[in-house]
Amino acid sequence: MGAIRLQQDRLKWASQTAVAAWSAFDVQLVIYAGLLAGMGLVMAYTNSYEAGVSPLSAGSTFTRGLVWAALAIVAFLVAAAFDYRWLKTFAWPLYCINIGLLAVSLAIGSGVGGSARWVTIFGMQFQFSELAKVLMAVVLANWISSREAQVGGLFTILGALALVVPPIILVALQPDLGTSLVFGAMLVGTLFISGASLRWLVVLGAGTVAAIPFAWTYLLRDYQKQRLISFLDPTADPQGSGFHVIQSMIAVGSGGFLGKGLTNGTQNQLDFLPVQSTDFVFSVLAEELGLVGAVVVFLLFAALIWRVLLAAWRSEDTFGLAFAGAIASMLLFQVLVNVGMTIGIMPVTGIPLPFITHGGASLISIALGLGVLQSINLRQVRPKW
Amino acid sequence: MTPLIEGQPRNARLLPRFLLFGLAVLLVLSTLTARLFYLQIASGGYYQGRATANMTVLQPIPSSRGLILDRAGRSLVVNVPSFAVKIRPADLPYSQRDQVVARLSRLLALTTTQINETIDSNPGSNFDLVRIASDVPEDVARLISEEHLALPGVQVVTEARRDYLYGPLVSQILGYTGPINADQLRRLQRQGYLPDDVLGQAGLEAQYEAQLRGTYGAEEVERDASGRQIQVLATPTQPQAGDTLQLSIDVKTQEQAQRALQWGIQAAGLKKGVVIVMNPQTGEILAMVSLPTYDDNLFARGISNADYQKLIGDPNQPLLNHAIGEIYPPGSTYKLVTGSAVLADGKLTPTETLNTYPYLMLGNYRFNDWNGAGFGPLNIVGAYAQSSDTFFYQAAALVGIDRLAYWAHQFGFGAPTGIDLPGEAAGIVPSNQWKLQTFGQAIFPGETYLAGIGQGYDAVTPIELLDAYCALANGGKLWAPQLVHQILGPTGEVVQTFQPKLRWQLKISPAILATMREAAREAVVIRHTGNVVDMPLYVAGKTGTAEFGTRKIGGHLPFHSWFVGFVSPSGDFAKTDSQLAILAFAYDTSRSIGNVATEVVKYFLQLHYGIKQDYRNLFLIRPGAGN
Numbered sequence: 004m005g006a007i008r009l010q011q012d013r014l015k016w017a018s019q020t021a022v023a024a025w026s027a028f029d030v031q032l033v034i035y036a037g038l039l040a041g042m043g044l045v046m047a048y049t050n051s052y053e054a055g056v057s058p059l060s061a062g063s064t065f066t067r068g069l070v071w072a073a074l075a076i077v078a079f080l081v082a083a084a085f086d087y088r089w090l091k092t093f094a095w096p097l098y099c100i101n102i103g104l105l106a107v108s109l110a111i112g113s114g115v116g117g118s119a120r121w122v123t124i125f126g127m128q129f130q131f132s133e134l135a136k137v138l139m140a141v142v143l144a145n146w147i148s149s150r151e152a153q154v155g156g157l158f159t160i161l162g163a164l165a166l167v168v169p170p171i172i173l174v175a176l177q178p179d180l181g182t183s184l185v186f187g188a189m190l191v192g193t194l195f196i197s198g199a200s201l202r203w204l205v206v207l208g209a210g211t212v213a214a215i216p217f218a219w220t221y222l223l224r225d226y227q228k229q230r231l232i233s234f235l236d237p238t239a240d241p242q243g244s245g246f247h248v249i250q251s252m253i254a255v256g257s258g259g260f261l262g263k264g265l266t267n268g269t270q271n272q273l274d275f276l277p278v279q280s281t282d283f284v285f286s287v288l289a290e291e292l293g294l295v296g297a298v299v300v301f302l303l304f305a306a307l308i309w310r311v312l313l314a315a316w317r318s319e320d321t322f323g324l325a326f327a328g329a330i331a332s333m334l335l336f337q338v339l340v341n342v343g344m345t346i347g348i349m350p351v352t353g354i355p356l357p358f359i360t361h362g363g364a365s366l367i368s369i370a371l372g373l374g375v376l377q378s379i380n381l382r383q384v385r386p387k388w
Numbered sequence: 002m003t004p005l006i007e008g009q010p011r012n013a014r015l016l017p018r019f020l021l022f023g024l025a026v027l028l029v030l031s032t033l034t035a036r037l038f039y040l041q042i043a044s045g046g047y048y049q050g051r052a053t054a055n056m057t058v059l060q061p062i063p064s065s066r067g068l069i070l071d072r073a074g075r076s077l078v079v080n081v082p083s084f085a086v087k088i089r090p091a092d093l094p095y096s097q098r099d100q101v102v103a104r105l106s107r108l109l110a111l112t113t114t115q116i117n118e119t120i121d122s123n124p125g126s127n128f129d130l131v132r133i134a135s136d137v138p139e140d141v142a143r144l145i146s147e148e149h150l151a152l153p154g155v156q157v158v159t160e161a162r163r164d165y166l167y168g169p170l171v172s173q174i175l176g177y178t179g180p181i182n183a184d185q186l187r188r189l190q191r192q193g194y195l196p197d198d199v200l201g202q203a204g205l206e207a208q209y210e211a212q213l214r215g216t217y218g219a220e221e222v223e224r225d226a227s228g229r230q231i232q233v234l235a236t237p238t239q240p241q242a243g244d245t246l247q248l249s250i251d252v253k254t255q256e257q258a259q260r261a262l263q264w265g266i267q268a269a270g271l272k273k274g275v276v277i278v279m280n281p282q283t284g285e286i287l288a289m290v291s292l293p294t295y296d297d298n299l300f301a302r303g304i305s306n307a308d309y310q311k312l313i314g315d316p317n318q319p320l321l322n323h324a325i326g327e328i329y330p331p332g333s334t335y336k337l338v339t340g341s342a343v344l345a346d347g348k349l350t351p352t353e354t355l356n357t358y359p360y361l362m363l364g365n366y367r368f369n370d371w372n373g374a375g376f377g378p379l380n381i382v383g384a385y386a387q388s389s390d391t392f393f394y395q396a397a398a399l400v401g402i403d404r405l406a407y408w409a410h411q412f413g414f415g416a417p418t419g420i421d422l423p424g425e426a427a428g429i430v431p432s433n434q435w436k437l438q439t440f441g442q443a444i445f446p447g448e449t450y451l452a453g454i455g456q457g458y459d460a461v462t463p464i465e466l467l468d469a470y471c472a473l474a475n476g477g478k479l480w481a482p483q484l485v486h487q488i489l490g491p492t493g494e495v496v497q498t499f500q501p502k503l504r505w506q507l508k509i510s511p512a513i514l515a516t517m518r519e520a521a522r523e524a525v526v527i528r529h530t531g532n533v534v535d536m537p538l539y540v541a542g543k544t545g546t547a548e549f550g551t552r553k554i555g556g557h558l559p560f561h562s563w564f565v566g567f568v569s570p571s572g573d574f575a576k577t578d579s580q581l582a583i584l585a586f587a588y589d590t591s592r593s594i595g596n597v598a599t600e601v602v603k604y605f606l607q608l609h610y611g612i613k614q615d616y617r618n619l620f621l622i623r624p625g626a627g628n
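Residue numbers (my numbering), protein chains in the order written: chain A, 4 to 388; chain B, 2 to 628.
Take a look at the structure:
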């Protein structure tokens, strides 16, 4: 009987564990992320049309999107199953890997116009700077959690800054100004959420602003300056760098309330839009699905960020809090800069729109981030027995 | 279970930050939404217009150029499809330009310099197509089309090219079409001409451009960002084909004239020659040959620089229609003017005589008669028939230079005839006023003498001279000569019938003109024009020679010969019913052969009237003749 009793106990334990895990598993987070990724596939579908191939043929934007989505689901599940607390142990090795990957990108990477953003692995282009965002979230969260007792001290901020600056420089050298800015946003966001000193954060921000003239003169390349100038006045050079922004605004504006319908966007299908499956994917969305489609996407992002912040709120340890803060900041900043760029209120940078922009690195990195977040959710509560 | 909502102990402290972060999310998303609302709803109409303007373009549809037929309805020119290579400079990235130009230069057998010059001298904007090559062989055109990815901005277009079926035979008359130049574009852009357009550049093609071109249509075309045409959305206006010209020229007559002149040129070693045949009753040109000539197909196919330089560099100017574009001293043919003047001004009656002499002296200058002996007393008919120089010196002196100029102008000299061809020159009629304006001094008496025999300052175009003799033949009607008999619409209906264009009626009594016709017939009858009289035709006419040009090593100037006259159907020269007037002009009869022009005219008449017997004669050698 004892054996049976033991077995029953085990069954009860197992079922209790499963129920508890399920109750802790944030289904909403998965739903919102899944819907956004689904919207990304819809955009990949319409952009396959634009490229003049059948969306279902091998190698089309759409089928590649499907492959990436499947890999992202796997990445998510693995990360969720993995106990996030181990990440603290691996934080420093991860940081070294991160720096190493960015250095490799710089050395052997390829990209548009002499830049070095992509590394080709097994015939697939991979942008390590996307993965670097999630790895940075881990490293930052680890640092802040190690400073748990004195999180409000200046050293928290200085240490985080010291961690972020090397990858920022490596990415800026690619040159990828946008991703550097994302790192900066994650740094500020996670420090803010984790309870770092507001006073010193303000000083940090003021220092950055003060450094702008210096950066303009010595760090920015001509094309980057040109983009910033054309952001300030797109009509100054309508056939040059302002062209993309003007065409994007025409695409968005002509979409109207309900849009022109999927695959019917003339600006998109007739190639007036540049890089319409990546940087300017939101222009396509707004042109073909209209204001309604855009607002739906905004609501999904708002809901997703809410769930990420909720994970931060619930997290028992500072690591979970800081990691979720970094992910929420990353999402918010990328939405602001990418969408803002397509509607003429932000300068043109190569920042992807999470989930929607076609690209494996971005999608898998976000899936990893959300997986870690889910892992954090799952491991806050112990079944009582 | 710990109630999750309670959160962690630190959360009380962090709550304001979470709320602030949430506020930031709301702020960002509502800002983006507000901007989207502004773009998509408030300015939606504006941006929809921009998007439509982006993708549609109103594109001209070329019309089919009108044809040209000869008098009998034979086609002289047809439109054949051909390939042209054009570049839109705005679509050719500067970094790739050298490479694209190098590839094109190999494919089109042009130098890179030529292609670059063509692109840079483009009369339109960077967004307009520039014509690089016309009439490209099909295999090359296909190759360029297939390489379009490596040749950004390069387009192969199918267009109609002119194919001139008779080539050099009627080149001087038809002219040719060619690419529009910057000047023409500025002038014609408002009429819808395009920067890569083709238009008539010479001859009737240029003269009747408005009629031949037709009206271009327009179509609304959907295009993508690189300007490639996706589909035609609508065709608001269909192109209208141009009108067809039916010429007064008959190819057969033209061929006879060319054959006669070519024979004369070869036999006598001429450098240039002209034959014009005209209907004195209407002013219609029946044949007009100017040699040397060129093949207008060279131009229609896009003439190579080497070919063009060869034509331009030829001292005998094959591109120039010598029948209308150059002036020469008329020589004795001008005695028509002096004779008519002396009768019309009442200085002589038709029966009055003047003595003629071996020469006349004026101060120290000696003015010879051409035979060096004189002919005794002659009336006007005899003097004209014998072409006595001393008679006409005296006649000119009796009339005076200014009245002589008046009558010359009456006969249409000194002004373009108004023939429907571009590039017509005007002759020179000397008068006191003319010489004062030109040289700042009055006419000397000796110059009046020379003016009386068509030498000195006198200069005429061949068409002016023939036009004057047509007025003689038809009783005083001075026509504007015409090459186009009628104009037909695209479906063959007549849209413009032939109307003779009278410049004016000569203010000379019909009796005087009848006397001058009698004189012209007498010149033939007394064999002053050789054996023309033996032909089974009633010909009246006058020969002329004049020294002209630069002196040769042998001592004499290169001289040229004229024959101008008309055929009477009845032999009654009191009547004004001639249907055919002819002029032949031969330049530089360096072999001192008699009047080559007369021989050419005889040969033409033989061919034209089907006369079997050959009256040509190349043994009349009269060195230094001044008849």
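Ideal Cβ positions, reconstructed from N, Cα and C, are used throughout, including at glycine.
Since the model is a prediction, treat every value here as computed from it, not as a measurement.
The DSSP-derived three-state label of residue 289/B is strand. In the DSSP annotation of this structure, the continuous segment of the beta strand (DSSP E) that includes residue 502/B starts and ends at 502 to 506.
Boundaries of the alpha helix (DSSP H) harbouring residue 101/A: 89 to 111, taken from the DSSP string.
As the crow flies, the alpha-carbon of residue 349/A is around 10 Å from that of residue 248/A. The three-state reading of DSSP puts residue 177/A in coil, since its state is none of H, G, I, E or B.
Judged by DSSP in its simplified three-state form, residue 333/A adopts helix. Following the DSSP letters along the chain, one finds residue 164/B inside the beta strand (DSSP E) bounded by residues 155 to 165.
For residue 346/A, the chain B residues whose Cβ falls inside 8 Å of its Cβ are 33, 36, 37 and 40, in order along the chain.
In this structure, 461/B is the residue among 509/B, 461/B, 421/B and 510/B with its C-alpha nearest to the C-alpha of residue 431/B. At a cut-off of 7 Å between beta-carbon atoms, residue 108/A makes no contact with chain B. Taking C-alpha positions only, residue 128/B is separated from residue 290/B by approximately 44 Å. Counting the other CB atoms within 10 Å of its CB gives residue 107/B a total below 16, which places it among the exposed residues.
With contact defined as three or more Cβ pairs closer than 8 Å, the region 320 to 339 of chain B and the region 525 to 545 of chain B are in contact. Cβ contact annotation for residue 565/B (same chain, cutoff 7 Å, sequence separation greater than five): 334, 466, 467, 470, 542, 543 and 584, in chain order. Proximity to residue 94/B across 153/B, 84/B and 138/B peaks at 153/B, based on C-alpha coordinates.
At a cut-off of 7 Å between C-beta atoms, residue 43/A does not count as an interface residue with respect to chain B. In the three-state reduction of the DSSP assignment, residue 136/A falls in the helix class. Identification of residues in the region 251 to 263 of chain A having a C-beta nearer than 8 Å to some C-beta of chain B yields 252, 253, 254, 255, 256, 257, 258, 259 and 260, given in sequence order. The beta carbon of residue 495/B sits closer than 7 Å to those of 487 and 489, all from its chain and outside the five residues before and after it, given in chain order.
Chain-order list of chain B residues neighbouring residue 308/A: 26, by C-beta distance under 8 Å.
For residue 47/B, the neighbours in chain A by C-beta distance under 8 Å run, in chain order, 256. Here the C-alpha atom of residue 60/B lies approximately 31 Å from the C-alpha atom of residue 77/B.
Residue 226/A and residue 187/A have their alpha carbons spaced roughly 21 Å apart. Under the Cβ distance rule, residue 248/A does not count among the residues neighbouring chain B, no pair being separated by less than 7 Å. Counting only Cβ-Cβ distances below 9 Å, residue 235/B has no contacts in chain A at all, with the closest Cβ about 16 Å away. For residue 301/A, the chain B residues whose Cβ falls inside 8 Å of its Cβ are 30, 33 and 34, in order along the chain. The shortest CA-to-CA distance from residue 167/A to any of 155/A, 144/A, 139/A and 154/A is the one to 139/A.
Under the three-state reduction of DSSP, residue 136/B is assigned to strand. A Cβ-Cβ contact shorter than 7 Å links residue 345/A with residue 286/A.
Contacts with chain A at 7 Å (Cβ-Cβ) do not include residue 130/B. Of the residues assessed, residue 601/B falls on the buried side of the cut-off, its CB having 16 or more other CB atoms within 10 angstroms. Distance from the CA atom of residue 264/A to the CA atom of residue 258/A, rounded to whole angstroms, is 9 Å.
Residue burial is scored here from C-beta neighbours: residue 377/B has fewer than 16 other C-beta atoms within 10 angstroms and is therefore classed as exposed. Proximity to residue 328/B across 561/B, 21/B and 532/B peaks at 561/B, based on C-alpha coordinates. A Cβ-Cβ separation of about 20 Å leaves residue 307/A out of contact with residue 134/A under the 8 Å criterion.
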